[in-house]
């Protein structure tokens, strides 16, 4: 993200003053708004092996190649529990973001970074992998000035299509922006997701209103604070808006379903150029006879098509019919082909998001 | 409109300099943006009966009561053809706006107006008739800051519901703002329309996302320029947005279907606080399995439910089934009761808008 300009104007990993300011008040020592610490941790032993001022190389753990160089300006230790409490609003070690922070090395190292490699993303993902400069150029050439990013790490069902289409009604276009990178067990692989999304847009979207691309940043599951980070880096990608649905970037029940909406109203005006396009919980309603959200449908749960992820996975792996009001047949076909190729023990692991845009 | 603050900051009828500036460049001599002349015409004989500087009374032609006083600051004659060419973009005498201007008196009189009466609107329309001050207070008490006005002079079918609901997804609420006042032959009476709209909102809208009210201004059918006037007076009513659909305020084929969208991009920035919420042609699409617009549905006309006004009127007066994808059954019931009570010769006259938000 640093190498391609996704984290502009950061030029490296944060120092202690920045870390402290970001945790406590989402503000770096320069006064710049930033919602989540971007830090690099190493073991105490590694930290002891070089001095402050050293020019070090950052190595790809998989193949040993240098992916960046960095001038170490500061070594510092942090109160991890404080970071978790302020960023994740929980100290629960079962929270995946908390777990990640607690398992970090003991020492953070700060300093400007020079990125040497794009980490294999262009080779692996081809034209799906677009830099902020590339998306901005593309939007300009398409004449788009009002562009909404739709954040996803899953295939899109009709609830997600509805979110994107509401945005298309009021914007020049939508960037369907998928998370690329490390998969967790049970995630749908990027190529299957990309194919499912491409199938959806080819059959149900108007050309030149939608573009699919990916970005290289793992989820933190920080809910509201992560929604702010998602808006911030979309600013670099040239998006004027970020679609923020129910429980954006949330996990479990750590956050209220609309905490990620409210936080945008609590930050100082001018913190972000990219604004949220807040949309409520979305679903098919039989009484409305259409897709709707809790803001546009006055009916009851029993009038709505609600499918749990578990039930959907069961239907897909058993090959039974999934209602067309839940997902497009063309999309289901792509997913069924994938599920059909999975071994039995893998099937139960595969997660599909039901209604939210997580 | 002057008396209730709908035309603020106008304090009376325009003089020659204002008329000329508004026709030519939508700018009054004060520099204020204004898209359509607001003038008062009288016959030459009437104009000759008082001097400039006189304090005159404006009389309700129906009952002879004084509805306003006015200090005449100027008497002038205009080039009616010039007004028609600049405001309506046509000199065709069949255009209802052109017809209105051409039938005006020969002399315009200008000057500040003091309004004495609300012209019977509060008595006739009850709480449907709200002043700009009342709607602004209502929006404030509901906590609405982003409010879209939906302009209508007809009952709402599903295409209109869709326009309003797109707005609700992205705003705090929608003001369904109906034209009150003189009916043309064939228009649905205000009480029937109000009942049809109330039935729709009760059954298909979430409470506190929508309000119905009316305003006392006849249509000019000036298409794009009138869309600007509709946005301008909604600014006084406290609306941040005006929904502008296909062929807004148009008639016949005098204007391109999206001229009323484009004109908002051509006026100087800052001319209007109230912004357009531009939405394309809307309809039910059988392949999408839902409501859509030409921006969100890639399919063909044959996949879409297209009912002409003529065909709908025929179905309603004959009591035959209208597809639920076109209009809500509860709304159709209200309209059927009305059509059922009409004499045969009246039925053919009744107009119903099919797809646009005119």
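Protein chains in written order, with this note's numbering: chain E, 1 to 358; chain V, 359 to 716. Using N, Cα and C, we set each Cβ at its ideal position, and we do this for glycine too.
- For a cut-off of 8 Å, the C-beta gap from residue 196 of chain E to residue 22 of chain E is around 36 Å, too long to register as a contact.
- Of the residues assessed, residue 648 of chain V falls on the buried side of the cut-off, its CB having 16 or more other CB atoms within 10 angstroms.
- With 16 or more other CB atoms across the displayed protein chains lying within 10 angstroms of its CB, residue 298 of chain E is buried.
- The beta carbon of residue 497 of chain V sits closer than 7 Å to the beta carbons of 505, 596 from its chain, once the five residues preceding and following it are set aside; these are given in chain order.
- Around residue 60 of chain E, the same chain offers 67 as residues with beta carbons nearer than 6 Å, after the five sequence neighbours per side are excluded.
- When Cβ-Cβ separations below 8 Å define contact, residue 603 of chain V makes no contact with chain E.
- If you draw a 10 Å sphere on the C-beta of residue 254 of chain E, you find 16 or more other C-beta atoms in it, and that means buried.
- Under a 10 Å Cβ-count criterion, residue 373 of chain V is classified as buried, with 16 or more other Cβ atoms of the shown protein chains found around its own Cβ.
- In the structure shown, residue 90 of chain E adopts coil according to DSSP, grouped into three states.
- By alpha-carbon distance to residue 642 of chain V, the top candidate from V/399, V/590, V/483, V/519 is V/519.
- As the crow flies, the alpha-carbon of residue 99 of chain E is around 25 Å from that of residue 214 of chain E.
- Cβ contact annotation for residue 398 of chain V (same chain, cutoff 7 Å, sequence separation greater than five): 371, 466, 467, in chain order.
- Apart from the 5 residues on each side of it in sequence, residue 156 of chain E sits with its Cβ closer than 6 Å to the Cβ of 197, 200 in its chain, given in chain order.
- Uninterrupted alpha helix (DSSP H) stretches at least 4 residues long and entirely within the stretch 434–489 of chain V occur at 438–445, 454–460, 479–483, given in chain order.
- For residue 410 of chain V, the number of other beta carbons within 10 angstroms of its own is below 16, and it is reported as exposed.
- Contact between the stretch 529–549 of chain V and the stretch 249–269 of chain E is not established, with fewer than three Cβ pairs separated by less than 8 Å.
- Using a Cβ-Cβ cut-off of 8 Å, residue 298 of chain E counts as an interface residue toward chain V, since at least one Cβ of chain V sits closer than that to its own.
- The C-beta separation of residue 594 of chain V from residue 366 of chain V comes to about 5 Å, placing the pair in contact by the 8 Å criterion.
- Only those residues of the stretch 284–298 of chain E whose C-beta falls short of 9 Å from the nearest C-beta of chain V are listed: 284, 287, 288, 289, 290, 291, 292, 293, 294, 295, 296, 297, 298.
- Near chain E, meaning a CB-to-CB distance below 8 Å, the residues of the stretch 505–527 of chain V are 523, 524, 526, 527.
- Relative to residue 563 of chain V, the option among V/523, V/579, V/598, V/679 whose CA is nearest is V/523.
- Under the Cβ distance rule, residue 269 of chain E does not count among the residues neighbouring chain V, no pair being separated by less than 8 Å.
- As a beta-bridge residue in DSSP terms, residue 74 of chain E pairs with E/110.
- Residue state for residue 294 of chain E is assigned as coil, using DSSP reduced to three classes.
- Neighbourhood of residue 206 of chain E in chain V, by CB distance below 8 Å: 652, 653, 654, 655, 656, in chain order.
- If you check the CB distance, residue 591 of chain V and residue 428 of chain V do not come in under 8 Å.
- Among the residues of chain E, none has a CB under 9 Å from the CB of residue 664 of chain V; the nearest is roughly 18 Å distant.
- The way I'd put it, the stretch 661–678 of chain V doesn't touch the stretch 318–336 of chain E; fewer than three beta-carbon pairs between them come closer than 8 Å.
- Contact annotation: residue 274 of chain E and residue 242 of chain E have beta-carbon atoms nearer than 8 Å.
- Straight-line spacing of the CA atoms in residue 327 of chain E and residue 168 of chain E works out to 19 Å.
- Along the stretch 664–684 of chain V, going in chain order, the ones with a CB nearer than 8 Å to a CB of chain E are 682, 683.
- When the five nearest sequence neighbours on each side are left out, the beta carbons in the same chain lying within less than 6 Å of the beta carbon of residue 636 of chain V are those of 602, 619, in order along the chain.
- Boundaries of the alpha helix (DSSP H) harbouring residue 622 of chain V: 617–624, taken from the DSSP string.
- Setting aside the 5 residues that flank it on each side, residue 145 of chain E is surrounded in the same chain by 139, 172, 240, each with a C-beta closer than 8 Å to its C-beta; the list follows chain order.
- DSSP places residue 417 of chain V within a strand segment (E or B) once states are collapsed to three.
- Of the candidates E/114, E/246, E/338, E/227, E/114 places its Cα closest to the Cα of residue 55 of chain E.
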